[in-house]
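Following the numbering used here, the numbering of the first sequence begins with 120 at its first residue and continues without gaps. Quick reminder that beta carbons are idealized off the backbone N, C-alpha and C, glycines included. As the structure is a prediction and not an experimental result, all values here were calculated from the model. Notes follow the structure.
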Amino acid sequence: MPELPEVEVIARGLHAVLVGRVIAAVEPVDPTRLSEDGAALAAKVVGAGVVRVSRRAKVLLIGLGNGATLAFHLKMTGRVVHGPMRPVERHDRTRFILDDGSLLCFADMRRFGYVRAFAPGGLETWDFLCRVGPEPLDTPPAALAGRVLSRSGRIKALLLDQAVVAGVGNIYADESLHRAGIHPQTRGNRLGRAGAERLFAHLQDVLRQAIAENGSSIRDYVNASGDAGAFQNSFAVYGRKGSPCAVCGAILFAVKVAGRTSTFCPRCQPEP
DNA sequence: CCGCACCCCTGTGCGC
DNA sequence: TGCGCACAGGGGTGCG
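Here it is in structure tokens:
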């Protein structure tokens, strides 16, 4: 579910309430997707205080005072919610009990997501993050454009490739391509510099707008307090195949690119 | 490097 | 009502 804006909203919400809290205990409710056993995970984090909560690509990071880091990848249906202690629910996977008695719960219906604990210095050696490209909101559109202009792959696939640019998923790829008037099957080396820079400027706009609106909630996404986002009400193309384009009125089409449904307007985004 | 198939899981919505 | 299929915010692998 969560792409960059959703993880960013969760990180900001958690930062506001978790800094200074100490992890008192870990409950590995469903250890099937843990990369280590619950005792090993607990040994790295129990007794440590939260220093900061941040995000890199689509990964949520909780930095601890002992130098360790908790990393959550939410994949399609993961949630990280903080609130009062409550009984275990159906999709709870790993629960953290804090020193004030509150609960930080990682839940994930489909169990694609995971949580990992890194010892001090370990995060920097995590190959997943080492391969991730630049943050789109911290990088000038011209620099981002340079990463796709020499590529022969389809621009939609390039946007989804975390090594090209970090944090973009199916929603924001489709929305930014529509805003830029670019067909998802256009090859990177056919965009032209102006087109590529326009695309990444629109990507920045749509990501910022989605963060401001608390993210997009399709089915599962909720922020750190358990609240839904609102940006799904602003979708121009995502999930709207067969509906009229809000800009020109043409009926929206969908094609598969990189194995993902890509919805586009045949008039605003003409065939390359 | 590119594109595709398939896998990891569970749930929902739709056509028959 | 029930069944079977397609599809879902992600990412990894393996093959041609």
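- Sixteen is the threshold: since fewer than 16 other Cβ atoms of the shown chains lie within 10 Å of the Cβ of ASN352, the residue is exposed.
- With respect to the 8 Å criterion, VAL165 and ALA143 are classified as neighbours on the basis of their beta carbons.
- The alpha-carbon of LEU242 is positioned some 15 Å away from that of ARG171.
- VAL356 is a Cβ neighbour of PHE383, given a cutoff of 8 Å.
- Remark: fewer than three beta-carbon pairs, one from each stretch, lie closer than 8 Å, so the segment 255 to 268 and the segment 227 to 237 are not flagged as touching.
- DSSP, reduced to helix, strand and coil, places ILE301 outside both helices and strands of the structure shown, so it counts as coil.
- Put simply, of HIS302, PHE215, LEU180 the residue whose alpha carbon is nearest the alpha carbon of GLY157 is PHE215.
- The beta strand (DSSP E) runs lying completely inside the segment 308 to 386 and spanning 3 residues or more are 372 to 376, 379 to 383, given in chain order.
- For LEU193, the CB contacts under 6 Å within the same chain, skipping 5 residues up- and downstream, are PRO121, GLY232 in chain order.
- With distances taken between CA atoms, TRP245 lies nearest to ARG175 out of ARG175, VAL341, LEU322.
- Within the same chain, Cβ atoms closer than 8 Å to the Cβ of VAL136 are found at HIS201, ALA343, the five residues on either side in sequence being excluded.
- Contact annotation: VAL138 and ASN333 have beta-carbon atoms that are not nearer than 8 Å.
- With a threshold of 16 other beta carbon atoms within 10 Å, THR305 meets it and is buried.
- Comparing alpha-carbon positions, the option among GLN328, GLY272, ARG209, ALA299 lying closest to LEU256 turns out to be GLN328.
- Apart from sequence neighbours up to five positions away, the residues of its chain that approach ALA315 with a beta-carbon distance below 7 Å are ALA264, VAL267, LEU268, ordered along the chain.
- Taking a 10 Å sphere around the C-beta of PRO303, we find 16 or more other C-beta atoms and assign the residue as buried.
- The C-alpha of PHE372 lies about 26 Å from the C-alpha of THR196.
- Under DSSP, ALA190 forms a beta bridge with LEU180, ARG235.
- According to the DSSP assignment, ARG230 belongs to no alpha helix (DSSP H), since it is labelled neither H nor E.
- Per DSSP, ARG212 lies in no alpha helix (DSSP H); the unbroken beta strand (DSSP E) holding it starts and ends at 211 to 217.
- DSSP places ARG174 in the uninterrupted beta strand (DSSP E) bounded by 169 to 175.
- A distance below 6 Å between beta-carbons, with the five flanking residues on each side excluded, links VAL207 to the following residues of its chain, in chain order: VAL148.
- A check of alpha carbon separations from GLY345 across ALA276, CYS224, ARG152, VAL145 identifies CYS224 as the nearest.
- A distance below 8 Å separates the beta carbons of VAL287 and LEU278.
- Under a 10 Å Cβ-count criterion, THR151 is classified as exposed, with fewer than 16 other Cβ atoms of the shown protein chains found around its own Cβ.
- Checking the DSSP bridge columns, you'll see LEU223 partnered with HIS201, PHE215.
- Only exposed fits CYS249, as fewer than 16 other CB atoms lie within 10 angstroms of its CB.
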